[in-house]
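Here is the structure we will look at.
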Amino acid sequence: MTPLLEVRGLWKEFGGLTAVRGVDFVVEPGQIKAMIGPNGAGKTTILNVIGGALPPSRGSVLFEGVALPRERPHAVAARGVARTFQLVRLFGEMTVLDNVLVGCHRRGRSGWGACALRTRGMREEERRLRERAETVLVVVGLEERAALPAAALAYGEQRLVEIGRALAMEPKLLLLDEPGAGLDPEEHRRLARLVRTIRDGGTTVLLVDHHMEFVLELSDEVLVLSYGEKLAEGPPRAVRADAKVIAAYLGEEAA
Amino acid sequence: MSVSARRRFRMLVAVAIAMAALSSAVTSRYVLSTLIFIALNAMAALGLSLVMGFAGQVSLGQAAFYAVGAYVSGVLTASFGWNGWAALVLAVGAGALLALAIGLPIFRLSGLLLAMATLGFGIIVYYVLVNWSGITGGPSGLTGIPPLALGRFRFDTDQRMLWLAWSLLLLLLGLAGNLVDSRVGRALRAVHGSEVAAEAAGIDTLRLKLGVFTAAGATTALAGSLYAHYLTFINPSPFGFAYSVELVVMVVLGGVASIWGTVLGAAAVVLFVEALRTGLPLLTASHGAPEYEIVAFGLILMGFVVFLPGGLASLRKTP
Numbered sequence: 002m003t004p005l006l007e008v009r010g011l012w013k014e015f016g017g018l019t020a021v022r023g024v025d026f027v028v029e030p031g032q033i034k035a036m037i038g039p040n041g042a043g044k045t046t047i048l049n050v051i052g053g054a055l056p057p058s059r060g061s062v063l064f065e066g067v068a069l070p071r072e073r074p075h076a077v078a079a080r081g082v083a084r085t086f087q088l089v090r091l092f093g094e095m096t097v098l099d100n101v102l103v104g105c106h107r108r109g110r111s112g113w114g115a116c117a118l119r120t121r122g123m124r125e126e127e128r129r130l131r132e133r134a135e136t137v138l139v140v141v142g143l144e145e146r147a148a149l150p151a152a153a154l155a156y157g158e159q160r161l162v163e164i165g166r167a168l169a170m171e172p173k174l175l176l177l178d179e180p181g182a183g184l185d186p187e188e189h190r191r192l193a194r195l196v197r198t199i200r201d202g203g204t205t206v207l208l209v210d211h212h213m214e215f216v217l218e219l220s221d222e223v224l225v226l227s228y229g230e231k232l233a234e235g236p237p238r239a240v241r242a243d244a245k246v247i248a249a250y251l252g253e254e255a256a
Numbered sequence: 669m670s671v672s673a674r675r676r677f678r679m680l681v682a683v684a685i686a687m688a689a690l691s692s693a694v695t696s697r698y699v700l701s702t703l704i705f706i707a708l709n710a711m712a713a714l715g716l717s718l719v720m721g722f723a724g725q726v727s728l729g730q731a732a733f734y735a736v737g738a739y740v741s742g743v744l745t746a747s748f749g750w751n752g753w754a755a756l757v758l759a760v761g762a763g764a765l766l767a768l769a770i771g772l773p774i775f776r777l778s779g780l781l782l783a784m785a786t787l788g789f790g791i792i793v794y795y796v797l798v799n800w801s802g803i804t805g806g807p808s809g810l811t812g813i814p815p816l817a818l819g820r821f822r823f824d825t826d827q828r829m830l831w832l833a834w835s836l837l838l839l840l841l842g843l844a845g846n847l848v849d850s851r852v853g854r855a856l857r858a859v860h861g862s863e864v865a866a867e868a869a870g871i872d873t874l875r876l877k878l879g880v881f882t883a884a885g886a887t888t889a890l891a892g893s894l895y896a897h898y899l900t901f902i903n904p905s906p907f908g909f910a911y912s913v914e915l916v917v918m919v920v921l922g923g924v925a926s927i928w929g930t931v932l933g934a935a936a937v938v939l940f941v942e943a944l945r946t947g948l949p950l951l952t953a954s955h956g957a958p959e960y961e962i963v964a965f966g967l968i969l970m971g972f973v974v975f976l977p978g979g980l981a982s983l984r985k986t987p
């Protein structure tokens with residue numbers, strides 16, 4: 002079976018700084034894969050390259066066996082890759098429902114003319130998209146917040162809106178960039194349940210985090226990065242026992 | 669109809685009734701022509717409001733699109749005997765095409781580039797109008813532009829022109845209102861909120877911004893075309909940089925990205941310019957109104973940016 006995502010020999014340099022040094026890995030369909038590593042390990046950089054926000058210096062990213070477009074995030078999204086951001090990026094003045102509806106953008110096809118004229122087709126499509134967005138809101142548990150401006154929500158809920166927006170795209174691969182950052186333990190548990198629900202719904206998940214316990218408990222496979230290089234890769238249990246990982250993490254874990 | 673669509677429709681009907689009442693009750697040519705100019709200016713500023721609000725860019729040469737509309741219509745009808753409506757369609761198309769040609773390279777980059785490019789475009793168009801006298805009539809302008817007509821019914825009185833201009837304006841406001849409250853409008857608002865997130869959600873932001881700028885070129889050209897047919901005479905002077913600034917002031921005054929705000933902004937600017945034109949000579953005994961105008965607009969612009977960034981429209985925002 003071809004992997005869903007294949008990252009080959011990826012290098013990323015920013016001026017004199019090398020953030021990613023020849024990283025290879027694959028994500029198999031239907032799994033939750035996590036990238037962990039201390040700050041500056043290159044996790045977010047890798048996500049940004051996959052998502053088309055940054056061009057790689059060297060190497061390639063294949064999705065379903067075909068290279069992903071470079072530097073055109075919307076074209077990457079069109080292939081079925083959705084993402085969230087390390088620092089939540091919502092459309093703050095728009096309602097929660099509208100934020101999720103933006104995620105449905107590619108599910109609709111009404112253009113400028115149809116929208117300006119409110120044609121029957123446009124209104125029917127709008128109703129369909131709205132139903133879909135409402136379903137997504139139930140999945141992330143925000144149906145009661147639908148009419149509120151996104152900026153008015155608590156931080157943890159804003160993260161859920163962002164995940165909802167990504168889910169509304171019905172992606173094959175969902176990239177979550179530090180979804181647990183800034184969440185309290187209860188919110189963390191809720192997030193873990195949600196990520197499993199997403200995986201069980203058929204969406205593959207690649208997430209980045211540095212919360213070791215959360216990641217080891219949640220994921221099917223873990224990739225450990227350190228200073229832009231792959232340190233270890235495998236099932237959580239094997240990674241936890243890996244001598245190099247223990248050595249690299251001991252300081253952090255003790256702290 | 670959704671609740672918001674119904675509310676927008678009611679607003680349009682209310683304004684249409686008010687204008688109908690005004691046009692039959694008021695006989696003062698001065699008042700009527702002021703109302704017509706408010707409509708034309710609102711039309712010209714509407715697209716710019718969307719460009720500034722949603723594409724996050726300022727056009728400092730929007731007057732050039734107004735000029736293109738006016739001159740394409742004026743030249744085709746007065747010099748070549750074209751039907752007014754055919755010329756109007758071509759004028760609108762020319763406005764859209766020029767916007768597309770300027771926007772295509774510009775939106776790939778960003779920042780202040782659109783402002784600079786349109787500023788240059790505005791200056792070039794102005795000099796073409798002044799110097800290509802064989803076609804444009806040069807500084808002395810173009811006369812004998814026929815009024816628009818539907819069969820034998822000619823829009824040749826202020827009353828009739830008021831009807832035409834406000835009907836078209838209300839139509840455009842209706843279309844723009846629908847647009848903002850739709851799939852395309854959500855995408856526009858998303859770009860306004862966070863371009864990075866909009867891209868990640870699968871929105872081709874470059875194409876969308878180009879679309880807004882092109883639509884703005886078209887609506888501004890439409891206003892210019894109506895202007896030419898209303899005055900039946902055009903020369904380059906009203907299409908200079910000062911008018912581009914006026915349009916930006918209208919948008920900021922009314923509230924960026926606010927559809928109805930453009931009407932408020934246009935009304936405020938038109939009335940203010942009139943007041944300045946009549947009031948200033950009494951105060952300074954000079955006729956240097958345009959220079960004072962720019963100074964006054966500069967101050968107003970600063971005042972609004974500091975004290976009322978949401979524009980006039982934000983004053984009556986319902987929760």
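Chains as they are written, first to last, in our numbering: chain A, 2 to 256; chain F, 669 to 987. Ideal Cβ positions, reconstructed from N, Cα and C, are used throughout, including at glycine.
Going by DSSP, what residue range makes up the beta strand (DSSP E) through residue i?
i      : result
R71/A  : Unbroken run through R71/A: none, as it is neither H nor E.
E230/A : E230 to G235
S227/A : E222 to S227
V89/A  : Run containing V89/A: none; DSSP gives neither H nor E here.
D826/F : Per DSSP, D826/F belongs to no beta strand (DSSP E); it is in the alpha helix (DSSP H), D826 to V848.
V726/F : From DSSP, V726/F is part of no beta strand (DSSP E); its letter is neither H nor E.
I33/A  : I33 to I37
Answer yes or no: does any C-beta atom of chain F fall closer than 8 Å to that of residue i?
i      : result
L118/A : yes
L102/A : yes
P180/A : no
E94/A  : yes
A79/A  : yes
R160/A : no
G109/A : yes
D25/A  : no
With DSSP collapsed to three states, give me the class of residue i.
i      : result
W750/F : coil
M95/A  : coil
W12/A  : strand
S692/F : helix
D25/A  : strand
A256/A : With a pLDDT of only 38 at A256/A, under the threshold of 50, the placement of this residue in the model should not be trusted; the figure read from the coordinates follows. If DSSP states are grouped into helix, strand and coil, A256/A belongs with coil.
R110/A : coil
S61/A  : strand
T136/A : helix
L130/A : helix
R80/A  : coil
A934/F : helix
T3/A   : coil
R822/F : strand
Cα-Cα, which of the options is closest to residue i?
i      : options                           : result
A769/F : F789/F, G922/F, A682/F and V941/F : F789/F
L6/A   : L98/A, L175/A and R166/A          : L175/A
V931/F : W834/F, I968/F and A886/F         : W834/F
M918/F : A731/F, I685/F and P949/F         : A731/F
T96/A  : V225/A, T120/A and V162/A         : V162/A
E132/A : T205/A, E29/A, Y156/A and D99/A   : D99/A
L830/F : R945/F, T695/F and L781/F         : T695/F
V852/F : L840/F, A866/F and L839/F         : A866/F
S727/F : A855/F, A785/F, A936/F and L839/F : A785/F
Any beta carbon of chain A sitting closer than 8 Å to that of residue i?
i      : result
N846/F : yes
G879/F : yes
G853/F : yes
I871/F : yes
M918/F : no
A723/F : no
Starting from residue i, trace the alpha helix (DSSP H) in both directions and tell me its first and last residue.
i      : result
A148/A : That residue, A148/A, is in no alpha helix (DSSP H); it is neither H nor E in DSSP.
V743/F : Looking at the DSSP string, V743/F is not in any alpha helix (DSSP H), and its letter there is neither H nor E.
F909/F : F909 to G922
A167/A : Y156 to L168
L876/F : T873 to L899
L48/A  : K44 to I51
P803/F : Strictly speaking, residue 803/F in this sequence is Ile, with Pro absent from that position. Start and end: S801 to T804.
Closer than 7 Å: is that where the CB of residue i sits relative to any heavy atom of the ligand COA?
i      : result
L130/A : The ligand COA is absent from the structure shown, which contains no ligand whatsoever.
Strictly below 8 Å CB to CB, what residues from chain C border residue i?
i      : result
W113/A : Absent from the structure is chain C; the protein chains it does hold are A and F.
- Does the stretch 909-919 of chain F come within contact of the stretch 811-823 of chain F, defined as at least 3 CB pairs closer than 8 Å? no
- Query: Using 8 Å as the Cβ pair cut-off and three pairs as the minimum, do the stretch 162-174 of chain A and the stretch 77-84 of chain A touch?
  - Reply: yes
- Message: Count Cβ pairs between the stretch 104-122 of chain A and the stretch 53-70 of chain A that sit closer than 8 Å; are there 3 or more?
- Response: no
- Message: Can you confirm whether the stretch 935-946 of chain F touches the stretch 892-904 of chain F when touching is taken to mean that 3 or more C-beta pairs between the two stretches lie within less than 8 Å?
- Response: no
- Is there contact between the stretch 148-161 of chain A and the stretch 175-189 of chain A, where contact requires at least three CB pairs shorter than 8 Å? yes
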